[in-house]
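Residue numbers (the UniProt record's numbering): 1 to 261.
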């Protein structure tokens, strides 16, 4: 006759089982804590990455907006006038103002002038001065970078104009702080080159306009100025005729012809 025998329970095994059961929830809690810690670190890392990308995009956008090589939304406000637009196809209706008519009474009014570039002076990348001459009279045109008005591209275009180029300038008349130098100025909004002169002229108008008396005084003071000889004046007569002295001679001749006896 057989009988089943059963071993008595081992106290050590029971204690080990109880310890394992207690350690299982602790391990689960540790896993949850580690997962939470990792997810927080990942979230912070992702947020920092997004912030870095956002800052980089903002810097790139700002750089593109201020870069002269970037597409300029004000590109239509400056540039060379196409040849077909210079042909007399239709009346434009634009009103021109002579440089000699610019007075303080025109303050804050928009004017359109046409003349030759006498000098160009770049103060910085964002500011330049353009002296425009018409019939022997000059006006200072100011280009200063301003949102939606004047761009870096416009200032760069103006500073690249060669002397004696024929330009159209549209802007607002303003009275400078130092009226001793200029009666009025033009705050430029648009500038177009009608006819571009060669980069280097054979003679400068300032040199051709200088008298012998000025040259002699400069020599006595130890300063040497450029003297334009008569043969050079005749070779480049079209430039020599633009000097104030020659322009004055033509005006006198014109008035003499108009005198009625």
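Just so it is clear, CB atoms sit at the ideal spot from N, CA and C, and this is done for glycine as well.
Who are the near neighbours of residue 243 in its chain, counting only those whose CB is closer than 7 Å to its CB and skipping five residues on each side?
205, 208, 209
Below 7 Å CB to CB, which residues in the same chain sit around residue 236 once its five sequence neighbours on both sides are set aside?
202, 203
Rounding to the nearest angstrom, what Cα-Cα distance links residue 101 and residue 53 in this structure?
55 Å
Quick check: the region 154–169 against the region 181–196, are at least 3 beta-carbon pairs closer than 8 Å?
yes
For the region 148–156 against the region 71–88, do three or more pairs of beta-carbon atoms, one drawn from each stretch, fall closer than 8 Å, so that the two count as touching?
yes
Can you tell me whether residue 189 is helix, strand or coil according to DSSP?
strand
Close Cβ partners of residue 62 (< 7 Å) along its chain, the five nearest in sequence each way excluded
Residue placement at residue 62 is poorly supported in this model, since its pLDDT is 47, which falls under 50; the coordinates still yield a value, given next. If we look at residue 62 and ignore the five residues flanking it on each side, it has no Cβ neighbours.
Going by the CB atoms, is the gap between residue 149 and residue 272 shorter than 8 Å?
Nothing about residue 272 can be reported from this structure: the residues present for the chain run from 1 to 261 only.
Please return the same chain residues whose Cβ sits closer than 8 Å to the Cβ of residue 108, not counting the five positions on each side in sequence.
172, 173, 174
To the nearest angstrom, how far is it from the Cα of residue 169 to the Cα of residue 255?
30 Å
First and last residue of the uninterrupted beta strand (DSSP E) at residue 141:
137–144
In chain order, what residues of the same chain lie with their CB nearer than 7 Å to the CB of residue 45, ignoring the 5 residues before and after it?
none
With 16 other Cβ atoms within 10 Å as the buried cut-off, status of residue 245
exposed
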